[in-house]
Amino acid sequence: MLLGAIEAGGTKFVCGIGGENGEIYERVSFPTTKPEETMKQVVSFFNQKKIEAIGIGSFGPIDLTKTSDTYGYITSTPKPYWENFNLVGEVKKHFSVPIGFDTDVNGAALGESKWGAAKGLDSCLYITVGTGIGVGAVVEGKLLHGLLHPEMGHILIRKHPEDYFGGSCPYHLDCLEGTAAGPAIEKRWGNKGVELSNDKRVWELESYYLAQAIVNYILILSPKKVILGGGVMKQEQLFPLIRKEVIKLLNGYIQSKDILEGINSYIVPPGLGDNAGLAGALALAHNSLIESDSLELKHD
Ligand code: ADP
Ligand code: ZN
């Protein structure tokens with residue numbers, strides 16, 4: 006069985022062909038320019054390929070309400086040309102197969118729960134710390150949605166008393182994303198994260214913020230696994246710092262062995278590695294196929 010996957014990002018669209026066990030056979034990447042341009046390349050990649058479903062994990066915000074007139078649209082993005090773009094509609098025009106659609110991070114959470122670090126668990130969080138901060142969640146075996154979809158990257162956090170950086174979120178200044186995403190690190194310290202590997206202060210402050218966020222997520226959603234990916238998490242020294250700070254902040258309140266004794270395998274990098282995003286879109290394709298099969302059964 007062949008499935009199509011589209012990881013729609015603000016910088017690039019990664020497209021791939023894979024199978025129902027999360028294996029990826031082929032991948033290509035196109036720059037995110039104008040919708041007509043980018044989508045033409047996406048469509049021509051999938052043309053002639055015998056795919057049975059397509060999954061799209063997209064940057065957002067996006068409309069996920071199936072009954073809405075703008076279901077499948079990218080909605081209020083500041084990304085030029087992409088505001089109110091009918092992404093699912095465009096794919097549907099060219100391919101008459103089931104189409105799965107969700108946020109990029111929800112896709113990644115689903116992929117990790119099917120095939121990666123949270124395999125066999127009915128809940129997990131996938132947090133990406135990159136150009137922005139996004140969080141996807143599987144709760145009781147299902148992707149978490151709501152009014153729109155959770156935007157856990159923009160939560161409010163306590164400022165470190167010695168951090169004088171005002172924050173870089175255009176909406177909230179010093180929300181989590183405005184304080185701890187890649188661009189915030191660069192603005193605060195005057196250098197890209199990758200250049201700051203050896204500066205201990207940078208990663209201690211970074212883990213101070215990420216741990217607060219994770220503690221809030223643990224208290225609210227009680228995930229069985231917390232997975233951290235994205236460019237900034239390439240700084241592997243963050244993992245032990247974050248784990249230590251999470252334990253400190255929880256202060257014994259959550260009496261779970263997974264946290265108290267097993268934190269090293271509770272807060273982890275993606276099991277699917279750099280494929281987490283694309284495999285996430287593949288997982289969305291897989292789910293849409295399963296759903297359409299069960300709908301057909303009901304109709305028979
Ligand atoms: P995106 O979020 O755009 O999909 P990434 O996850 O690669 O892409 O995130 C890009 C951000 O992560 C940039 O701000 C960049 O400076 C930062 N980043 C990328 N690689 C590293 C690294 N090795 N160490 C620290 N920061 C990094
Ligand atoms: Zn914000």
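The sequence shown begins at 6 in my numbering and counts up by one. The beta carbon of each residue, even a glycine, is placed where N, CA and C say it ideally should be.
Quick one: what's got a C-beta closer than 6 Å to residue i's C-beta in the same chain, skipping five residues either side?
i           : result
residue 190 : 198
residue 79  : 67, 87, 90 and 92
residue 263 : 271
residue 297 : 103
residue 174 : 180, 182 and 183
residue 146 : 127
Which value, in whole angstroms, describes the spacing of the CA atoms of residue i and residue j?
i           : j           : result
residue 65  : residue 19  : 16 Å
residue 149 : residue 135 : 21 Å
residue 211 : residue 177 : 18 Å
residue 158 : residue 63  : 15 Å
residue 216 : residue 289 : 29 Å
residue 242 : residue 268 : 15 Å
residue 35  : residue 188 : 23 Å
residue 2   : residue 56  : Because the chain is modelled from 6 through 305, residue 2 falls outside the range shown and cannot be assessed.
residue 107 : residue 154 : 9 Å
residue 14  : residue 82  : 12 Å
residue 53  : residue 185 : 43 Å
residue 252 : residue 163 : 17 Å
Using alpha carbons as the reference points, say which of the options lies closest to residue i.
i           : options               : result
residue 144 : 115, 186, 170 and 6   : 115
residue 248 : 181, 286, 32 and 265  : 265
residue 236 : 53, 289, 137 and 299  : 137
residue 258 : 221, 292, 158 and 184 : 221
residue 156 : 110, 165 and 124      : 110
residue 170 : 192, 151 and 154      : 192
residue 41  : 153, 94 and 54        : 94
residue 167 : 141, 98 and 209       : 209
Output needed for residue i: all residues of its chain with C-beta closer than 8 Å, excluding positions within five of it in sequence on either side, in chain order.
i           : result
residue 2   : Nothing about residue 2 can be read from this structure; the chain reaches only from 6 to 305.
residue 229 : 123, 126, 127, 128, 129 and 263
residue 200 : none
residue 301 : none
Near residue i, which residues of its chain fall below 7 Å by C-beta distance, leaving aside the five closest residues on each side in sequence?
i           : result
residue 238 : 134 and 274
residue 254 : 216, 217 and 220
residue 293 : 58, 60, 103, 104 and 105
residue 250 : 212, 213 and 216
residue 97  : 104
*asked:* Ignoring anything shorter than 3 residues, give me the beta strand (DSSP E) runs that lie fully in the stretch 81-168, in order along the chain.
replied: List check, beta strand (DSSP E) in window: 104-108, 129-134 and 138-144.
task: Measuring from each Cβ to the nearest heavy atom of the ligand NAP, keep the ones under 6 Å and list them in chain order.
output: You won't find the ligand NAP in this model; what it holds is the ligand ADP and the ligand ZN.
* Asked: Using 8 Å as the Cβ pair cut-off and three pairs as the minimum, do the stretch 70-78 and the stretch 20-40 touch?
  -> Contact between the stretch 70-78 and the stretch 20-40 is absent, because fewer than three Cβ pairs lie under 8 Å.
Worksheet entry | Uninterrupted beta strand (DSSP E) stretches inside the stretch 202-246 (no shorter than 3 residues) | Inside the stretch 202-246, DSSP marks whole beta strand (DSSP E) runs of 3 or more residues at positions 231-234, from first to last along the chain.
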